[in-house]
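Participant: Here you go, one structure.
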Amino acid sequence: MTEEEEIQGHVVCLSACRDSESAHDDNVTGGTLTKFFISSIRENSGISYRSLLRNIQSHVIDLQAKMAAASESNISSIRTRGCTQEPRINSNRPFDFDNTLSI
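Numbering (this note's numbering), first residue to last: 456 to 558.
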């Protein structure tokens with residue numbers, strides 16, 4: 456790491472979805488990215504960024520399945536409205552996704 460990079464710091468951003476997507480909160484089952492994040496780090500305090508992202512993505516897939524079960528047309532209406540959701544992790548510089556999450 457260069458001296459300039461040390462001064463700038465290392466920023467890691469967890470996003471609910473891409474800019475072109477819409478994130479959904481589920482008031483019925485309490486499914487939100489923040490809750491998925493918290494449950495993932497509570498289950499494994501030494502979790503890697505890669506595992507964190509996979510856990511959150513798994514929660515989102517489960518939420519979509521629950522929403523579809525509640526209404527058969529729900530998933531198609533979500534997609535029609537552009538409410539697809541794929542959580543992302545981005546950084547201001549390259550880093551190892553297998554590193555342990557540090558808060």
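For each residue, glycine too, the CB sits at the ideal point set by N, CA and C.
Return the Cβ separation of L556 and I462 in integer angstroms, given the expectation that the two are a contact with Cβ distance under 8 Å.
Facilitator: Contact doesn't hold; Cβ gap of about 23 Å is too wide.
Participant: Helix, strand or coil for N510 per DSSP?
Facilitator: N510 falls in the helix class under three-state DSSP.
Participant: If I follow the unbroken alpha helix (DSSP H) through L556, where does it start and stop?
Facilitator: That residue, L556, is in no alpha helix (DSSP H); it is neither H nor E in DSSP.
Participant: Since I believe Q540 is in contact with C440 (beta carbons under 8 Å), could you give me their beta-carbon distance rounded to a whole number of angstroms?
Facilitator: A question about residue 440 goes unanswered here, because the residues of the chain that appear run from 456 up to 558.
Participant: Would a C-beta distance cut-off of 7 Å place V466 and N554 closer than the cut-off?
Facilitator: No. Outside cutoff.
Participant: Going by DSSP, what residue range makes up the alpha helix (DSSP H) through R497?
Facilitator: From DSSP, the alpha helix (DSSP H) with R497 extends over L488 to E498.
Participant: Can you list, in chain order, the residues of its chain with a C-beta nearer than 6 Å to that of F491? Leave out the 5 residues immediately preceding and following it.
Facilitator: Taken in chain order, the residues that qualify are I511 and H514.
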